[in-house]
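What follows is a single structure, written as structure tokens, with notes after it.
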Amino acid sequence: MTPERKQRLTSVLNKRQGDITIVLENVTDPHNISAVMRTCDAVGVQEIYILNTKIPPHKKWGVKSSSSAAKWLTVYQFENAADCFSSLRNRYSTILTTHLSSDAVSLHSIDLTKSIALVFGNEHSGVSEEIRVLADGNFIIPQVGIIRSLNISVACAVTLYEAYRQKTNAGQYNQQSLDDVRYNGLLEEWGFKDEEI
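For the sequence shown, my numbering assigns the number 142 to the initial residue and increments by one for each residue that follows.
What follows is the structure, given as structure tokens:
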């Protein structure tokens, strides 16, 4: 690895946030998943969880929409909700789903500087009842239009850029968030990637 390449990789790793993740439940369109991955990479979210309980596991993502972002992310795929949530509970303090309900809180009232997993549901039916029961609560993205929903990749982007704003204001991008083991493991893994960045 050249010094220049190592510097580029470490500059990205220094901004990776280890306390926030995205969970996608039964999202059918691989291009939506890829668009979410691209946003995750853009704001420094390293981990993404793909939960498929009603559809077959994805074998590949939409390359054009991801710009190969999946290559630089840690992607976990689960087919069992309990297993997925067990893994999430070991790593994140709070799990919230996007769901329009009477007890849902506004995105802008959530403290996204804390350890959190954010769940987005299927393009047609949203987050399932099973997952809402397992989570700690629901949140909504404030909207004033007639159609009170957004494309999943857009909803995720809006949410992650709110997290980016809060984390930037809190100075969380100014210090290493990943623990040393994770940081060094990713640096070694990325060093073997054959595609130039």
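Cβ coordinates follow ideal geometry from the N, Cα and C atoms, glycine included.
On a predicted model such as this, the values are computed, not experimentally measured, just so you know.
Tell me the residue span of the alpha helix (DSSP H) that contains residue i.
i: residue 190; result: Not the alpha helix (DSSP H): residue 190 falls in the beta strand (DSSP E), residues 188 to 192.
i: residue 307; result: 293 to 310
i: residue 126; result: With the chain covering 142 to 338 only, the question about residue 126 has no answer from this structure.
i: residue 175; result: 171 to 184
i: residue 210; result: Neither: residue 210 is in no alpha helix (DSSP H) and is coded neither H nor E.
i: residue 323; result: 321 to 332
i: residue 229; result: 222 to 232
Which one or two residues does DSSP pair with residue i in a beta bridge?
i: residue 237; result: 259, 278
i: residue 163; result: 189, 259
i: residue 247; result: 281
i: residue 158; result: 186
State the CB to CB distance for the pair residue i and residue j, rounded to an integer number of angstroms; the pair is presumed to be in contact (CB under 8 Å).
i: residue 248; j: residue 282; result: 5 Å
i: residue 258; j: residue 229; result: 5 Å
i: residue 222; j: residue 272; result: 6 Å
i: residue 327; j: residue 154; result: 6 Å
i: residue 362; j: residue 157; result: The question about residue 362 has no answer, for the chain in this structure spans 142 to 338.
i: residue 316; j: residue 324; result: So it is not a contact: roughly 12 Å between Cβ atoms.
i: residue 226; j: residue 275; result: 5 Å
Which residue wins for smallest C-alpha separation from residue i, given the options the options?
i: residue 277; options: 145, 240, 142, 174; result: 240
i: residue 245; options: 234, 233, 280, 308; result: 280
i: residue 169; options: 192, 214, 160, 150; result: 192
i: residue 195; options: 320, 295, 263, 314; result: 263
i: residue 178; options: 321, 286, 309, 294; result: 294
i: residue 265; options: 163, 173, 220; result: 173
i: residue 251; options: 222, 304, 223; result: 304
i: residue 298; options: 260, 323, 315, 311; result: 260
i: residue 255; options: 289, 307, 166; result: 307
i: residue 267; options: 286, 290, 284; result: 290
i: residue 320; options: 144, 146, 159; result: 159
i: residue 300; options: 233, 164, 243; result: 164
i: residue 162; options: 189, 151, 171, 315; result: 189
i: residue 269; options: 143, 148, 220, 167; result: 167
i: residue 313; options: 209, 287, 333, 253; result: 253
i: residue 180; options: 296, 144, 331, 148; result: 296
Which first and last residues belong to the beta strand (DSSP E) in which residue i is found?
i: residue 215; result: 215 to 219
Can a CB atom of chain B be found closer than 8 Å to the CB of residue i?
i: residue 178; result: Any reference to chain B falls outside this structure, which holds one protein chain only.
Nearer than 7 Å: is that true of the beta carbon of residue i relative to any heavy atom of the ligand ADP?
i: residue 145; result: You won't find the ligand ADP in this model; it holds no ligand whatsoever.
In chain order, which continuous runs of the beta strand (DSSP E) of length 3 or greater are located wholly inside the region 257 to 285? 257 to 261, 278 to 281
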